[in-house]
Amino acid sequence: MLTRNCLSLLLWVLFDGGLLTPLQPQPQQTLATEPRENVIHLPGRRSHFQRVKRGWVWNQFFVLEEYMGSEPQYVGKLHSDLDKGEGTVKYTLSGDGAGTVFTIDETTGDIHAIRSLDREEKPFYTLRAQAVDIETRKPLEPESEFIIKVQDINDNEPKFLDGPYVASVPEMSPVGVIRTALPNMDREVKEQYQVLIQAKDMGGQLGGLAGTTIVNITLTDVNDNPPRFPKSIFHLKVPESSPIGSAIGRIRAVDPDFGQNAEIEYNIVPGDGGNLFDIVTDEDTQEGVIKLKKPLDFETKKAYTFKVEASNLHLDHRFHSAGPFKDTATVKISVLDVDEPPVFSKPLYTMEVYEDTPVGTIIGAVTAQDLDVGSSAVRYFIDWKSDGDSYFTIDGTEGTIATNELLDRESTAQYNFSIIASKVSNPSLTSKVNILINVLDVNEFPPEISVPYETAVCENAKLGQIIQIVSAADRDLSPAGQQFSFRLSPEAAIKPNFTVRDFRNNTAGIETRRNGYSRRQQELYFLPVVIEDSSYPVQSSTNTMTIRVCRCDSDGTILSCNVEAIFLPVGLSTGALIAILLCIIILLAIVVLYVALRRQKKKDTLMTSKEDIRDNVIHYDDEGGGEEDTQAFDIGALRNPKVIEENKIRRDIKPDSLCLPRQRPPVEDNTDIRDFINQRLQENDVDPTAPPYDSLATYAYEGNGSVAESLSSIDSVTTEGDQDYDYLTDWGPRFKVLADMFGEEESYNPDKVT
Numbered sequence: 003m004l005t006r007n008c009l010s011l012l013l014w015v016l017f018d019g020g021l022l023t024p025l026q027p028q029p030q031q032t033l034a035t036e037p038r039e040n041v042i043h044l045p046g047r048r049s050h051f052q053r054v055k056r057g058w059v060w061n062q063f064f065v066l067e068e069y070m071g072s073e074p075q076y077v078g079k080l081h082s083d084l085d086k087g088e089g090t091v092k093y094t095l096s097g098d099g100a101g102t103v104f105t106i107d108e109t110t111g112d113i114h115a116i117r118s119l120d121r122e123e124k125p126f127y128t129l130r131a132q133a134v135d136i137e138t139r140k141p142l143e144p145e146s147e148f149i150i151k152v153q154d155i156n157d158n159e160p161k162f163l164d165g166p167y168v169a170s171v172p173e174m175s176p177v178g179v180i181r182t183a184l185p186n187m188d189r190e191v192k193e194q195y196q197v198l199i200q201a202k203d204m205g206g207q208l209g210g211l212a213g214t215t216i217v218n219i220t221l222t223d224v225n226d227n228p229p230r231f232p233k234s235i236f237h238l239k240v241p242e243s244s245p246i247g248s249a250i251g252r253i254r255a256v257d258p259d260f261g262q263n264a265e266i267e268y269n270i271v272p273g274d275g276g277n278l279f280d281i282v283t284d285e286d287t288q289e290g291v292i293k294l295k296k297p298l299d300f301e302t303k304k305a306y307t308f309k310v311e312a313s314n315l316h317l318d319h320r321f322h323s324a325g326p327f328k329d330t331a332t333v334k335i336s337v338l339d340v341d342e343p344p345v346f347s348k349p350l351y352t353m354e355v356y357e358d359t360p361v362g363t364i365i366g367a368v369t370a371q372d373l374d375v376g377s378s379a380v381r382y383f384i385d386w387k388s389d390g391d392s393y394f395t396i397d398g399t400e401g402t403i404a405t406n407e408l409l410d411r412e413s414t415a416q417y418n419f420s421i422i423a424s425k426v427s428n429p430s431l432t433s434k435v436n437i438l439i440n441v442l443d444v445n446e447f448p449p450e451i452s453v454p455y456e457t458a459v460c461e462n463a464k465l466g467q468i469i470q471i472v473s474a475a476d477r478d479l480s481p482a483g484q485q486f487s488f489r490l491s492p493e494a495a496i497k498p499n500f501t502v503r504d505f506r507n508n509t510a511g512i513e514t515r516r517n518g519y520s521r522r523q524q525e526l527y528f529l530p531v532v533i534e535d536s537s538y539p540v541q542s543s544t545n546t547m548t549i550r551v552c553r554c555d556s557d558g559t560i561l562s563c564n565v566e567a568i569f570l571p572v573g574l575s576t577g578a579l580i581a582i583l584l585c586i587i588i589l590l591a592i593v594v595l596y597v598a599l600r601r602q603k604k605k606d607t608l609m610t611s612k613e614d615i616r617d618n619v620i621h622y623d624d625e626g627g628g629e630e631d632t633q634a635f636d637i638g639a640l641r642n643p644k645v646i647e648e649n650k651i652r653r654d655i656k657p658d659s660l661c662l663p664r665q666r667p668p669v670e671d672n673t674d675i676r677d678f679i680n681q682r683l684q685e686n687d688v689d690p691t692a693p694p695y696d697s698l699a700t701y702a703y704e705g706n707g708s709v710a711e712s713l714s715s716i717d718s719v720t721t722e723g724d725q726d727y728d729y730l731t732d733w734g735p736r737f738k739v740l741a742d743m744f745g746e747e748e749s750y751n752p753d754k755v756t
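As numbered in this note's numbering, the sequence shown has no gaps in its residue numbers, which increase by one up to the final residue, 756.
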């Protein structure tokens, strides 16, 4: 690049200074004043038969960039062979930059640059020149194209692209590994270096121009520094009430490295207190967080001392020879005394009390102490949120628990409530303990026979036969191993029909004492059984069992146990007997009611006859119902004319023709057939003379709109032959069979009817 620029500048000096001129052919006529340099000769018109002598035409100009002269910079000259110097030729310039950058003298053809040019902006311009006749304005020769190139000068210094430049150099790098590295560079001393780099252009007429840039060299960190505690002893104070798992303090070791190389791992050196505390690393601050693993007690131990070791988590093997990358510090923890609530001597108190114990009996006590240095008195009270507060009381000073009500084990066998102890010096500090009180059973209820209390014995039972096994039940909560004994009552032991056999397993059997029993002689037997328990005090009871004599089959299966069943057929159950009796009672009630009604009716008839003093004539001129027929003549009309009943017309015979004809309202035109029929139906329903027998009710209305007109045979002609049925053929295929039947006789064939 530099060589090319130098050659371009040399050419410009040579040509612009007049040392060299372009080669060109000698024109036929040349003006004496025409310059000999930077001239482009335009070929003129020649005669057809004239030989044209061609010369070398140079079609390129050069102009220097960044020209700073006071006059326009001369570029070159255009000249045509047809120009005789008489002023008849005009030169024109067109193309890239014509008129704005370059101008031409129309008479002489001199070209000048009217402003400073920059090769870095535009290296060349393409223009077109032409010679025209001044008078006719016609071109004397074809248009010619040429190029004006801008000559470069060394006016720009070299530049670095994409600066500033950043480079990384590991700290402590040895000399020679990276030539720009200084010996013993330490990132902890200085993290970044800035280097100024200059690029100089050694060529050019203006001398060497220089370009500079800054290179930022950042030292990358290596793990070349061990962690160090800023002090050898750390003092921490921790309240004894601190919860397990809580952070009780922080310590920190300093590592001048950065990033991953500065990560520290903390560990507690085994020794005093190592089992009570733990230490973890805070990833954000790289601090050692000490946490509590077990509870502290000021009254037991007031201080702990242990050592903590800090080491690099990521080691660099290149620096192992520099020494161990770890440090140790001592941690002293002082336990602070805290005013704590009282402490019960037991985590749970269990007590026992017998039921029905007198009110106010002390059944136990609780104890709580204040373990702080300045011990305080303790007060006790029952937690009122529980259910046991009404059954028990506690002495606030001594902590003794007593009954407040009579206890019933059968109602509640166990009580569970809480007692709270508080310090007198600070009542807000309280502790709670659960109390479990078991109510012991007292044998207060005698045992009784479990169901059933009634059993049965067959009439054909044998001596020594067990007819029933009984067991006992006790309302007391019987302890394990409770034993019940069974025996016959002493008053029933004299000539007993039955006895009790104790099986010694809390059950007993009812045993017969003779062969056979008779229901007719005695249906029921009552057997007193004495049951006794083994608790203290011993309780016993006498339970009477009812034994019913029943009829059984040969296998001992009971068939019947009722007395009335003796007189009933075999197999008739009590339920069936009751149903039969109920039916008989209902039938008797119906018969009695019917008889009473008949008697009441006859009595009314006799009373009426006695009161009537007139003779009654009864005609038997019909086939009525005889003497019981009272429809023929009503004597009530003669007795009291004011209460004459409605005339009851005989409905079993046709009425006389003396009845007046019913007046029917005229039928309106277009009346609906349904309304018409309903109207006639209502008239017959309310007409007392309407016959109940079969009759023909004729309605002179059949509705409107029927295309078939009337199909009734009432108004038909006398003979069937006079009727014309040809219209049936017009009714469609559904009436085809009917039309064939009533049409011409020869056209109907019954065999064809389907």
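We put the CB at the ideal spot given by N, CA and C, even for glycine.
Close Cβ partners of Thr330 (< 6 Å) along its chain, the five nearest in sequence each way excluded: Same-chain partners within the cutoff: Lys309 and Glu311.
Of all the options Pro343, Ile292, Pro326 and Leu350, which has the alpha carbon lying nearest to the alpha carbon of Lys334? Nearest of Pro343, Ile292, Pro326 and Leu350 to Lys334, Cα basis: Ile292.
Which value, in whole angstroms, describes the spacing of the CA atoms of Ser562 and Tyr596? Using only the alpha carbons, I get a separation of about 38 Å.
Just verifying my parser: in three-state terms, what is the DSSP assignment at Asp732? DSSP places Asp732 within a helical segment (H, G or I) once states are collapsed to three.
In whole angstroms, what separates the C-alpha of Arg254 from that of Glu242? One C-alpha to the other measures close to 24 Å.
Between the C-alpha atoms of Arg553 and Cys460, what's the straight-line distance to the nearest angstrom? Spanning the two alpha carbons is a distance of roughly 6 Å.
Does Lys425 come within less than 8 Å of chain B when only Cβ atoms are used? No chain B appears in the structure shown, which is made up of a single protein chain.
Indicate the three-state DSSP secondary structure (helix, strand or coil) for Glu513 in the structure shown. In the structure shown, Glu513 sits in a strand (DSSP, three-state: E or B).
Using 8 Å as the Cβ pair cut-off and three pairs as the minimum, do the region 231-241 and the region 333-349 touch? Yes, since at least three Cβ pairs between the region 231-241 and the region 333-349 fall closer than 8 Å, the two stretches touch.
By how many angstroms is the C-alpha of Leu431 removed from the C-alpha of Asp358? Answer to the nearest angstrom: the Cα atoms are 37 Å apart.
Cβ pair count under 8 Å reaching 3, the region 397-408 against the region 355-369: Flag = yes, the region 397-408 and the region 355-369 touch.
Which residues mark the beginning and the end of the alpha helix (DSSP H) in which Val679 is found? This sequence places Ile at residue 679; Val is not what is there. The continuous alpha helix (DSSP H) containing Ile679 extends over residues Ile675 to Val688.
Could you name the residues of the same chain whose beta carbon sits closer than 6 Å to that of Glu108, not counting the 5 residues immediately before and after it, in chain order? Once the five neighbours on either side are set aside, the close Cβ partners of Glu108 are Lys92 and Tyr93.
Whole angstroms are fine: how far does the CA of Glu493 sit from the CA of Asn499? So the alpha carbons of these two residues sit roughly 13 Å apart.
Length of the line joining the Cα atoms of Pro360 and Ile396: Distance from the CA of Pro360 to the CA of Ile396, rounded to the nearest whole angstrom, comes to 16 Å.
Note the first and the last residue of the continuous beta strand (DSSP E) segment covering Ala305. For Ala305, the enclosing beta strand (DSSP E) begins and ends at Ala305 to Asn314.
Local Cβ density within 10 Å of Leu740, reported as buried at 16 or more and exposed below that: Exposed, by the Cβ-count rule.
Distance CB(Val355)-CB(Val441) smaller than 8 Å: With respect to the 8 Å criterion, Val355 and Val441 are classified as neighbours on the basis of their beta carbons.
First and last residue of the uninterrupted alpha helix (DSSP H) at Met2: Here the chain covers residues 3 to 756 and nothing more, so residue 2 does not appear.
DSSP on Glu412, reduced to helix/strand/coil? In the structure shown, Glu412 sits in coil (DSSP, three-state: anything other than H, G, I, E or B).
First through last residue of the beta strand (DSSP E) which encompasses Gly334: Rather than Gly, the amino acid found at residue 334 in this sequence is Lys. Lys328 to Leu338 is the extent of the beta strand (DSSP E) around Lys334.
Quick one: what's Asn269 bridged to in DSSP? Answer is Glu311, bridged to Asn269.
Are Lys295 and Leu315 touching if we call contact CB-CB under 8 Å? Result no, Cβ atoms of Lys295 and Leu315 do not sit closer than 8 Å.
What is the DSSP secondary structure of Lys293, counted as helix, strand or coil? In the three-state DSSP reduction, Lys293 falls in the strand class (E or B).
Pull up the DSSP beta-bridge partners for Ala456, would you. Here residue 456 is Glu; the residue named in the question, Ala, does not match the sequence. According to DSSP, residue pairing for Glu456 in a beta bridge involves Thr548.
Indicate the three-state DSSP secondary structure (helix, strand or coil) for Gln467 in the structure shown. Reduced to three states, the DSSP call for Gln467 is coil.
Mind checking which residues open and close the alpha helix (DSSP H) that includes Ala741? Per DSSP, Ala741 is one residue of the alpha helix (DSSP H) stretching across Lys738 to Phe744.
Selection from Arg515, Pro448, Glu67 and Val502 that minimises the alpha carbon distance to Lys124: When only C-alpha atoms are compared, the closest one is Glu67.
Mapping the DSSP letters down to three states, classify Glu68 as helix, strand or coil. Correct three-state label for Glu68: coil.
Between the CA atoms of Ile116 and Lys79 - distance to the nearest angstrom: Between Lys79 and Ile116, the alpha-carbon positions lie close to 15 Å from each other.
List the endpoints of the continuous beta strand (DSSP E) containing Ile246. Taken as a continuous stretch (DSSP letters only), Ile246 belongs to no beta strand (DSSP E), as it is neither H nor E.
Buried or exposed, going by whether 16 or more other CB atoms sit within 10 Å of the CB of Ile471? Burial call: exposed.
If contact is defined by three or more beta carbon pairs under 8 Å, each pair taking one atom from either stretch, is the region 375-387 in contact with the region 422-439? Yes, since at least three Cβ pairs between the region 422-439 and the region 375-387 fall closer than 8 Å, the two stretches touch.
According to DSSP, simplified to helix, strand and coil, what is Ile568? In this prediction, Ile568 scores a pLDDT of 48, lower than 50, which makes its location untrustworthy; no coordinate-derived value is stated.
How about Glu267 and Leu373: do their beta carbons lie closer than 8 Å? For Glu267 and Leu373, no; Cβs fall outside 8 Å.
Helix, strand or coil at Glu534 according to DSSP, with G and I counted as helix: The three-state secondary structure of Glu534, taken from DSSP, is strand.
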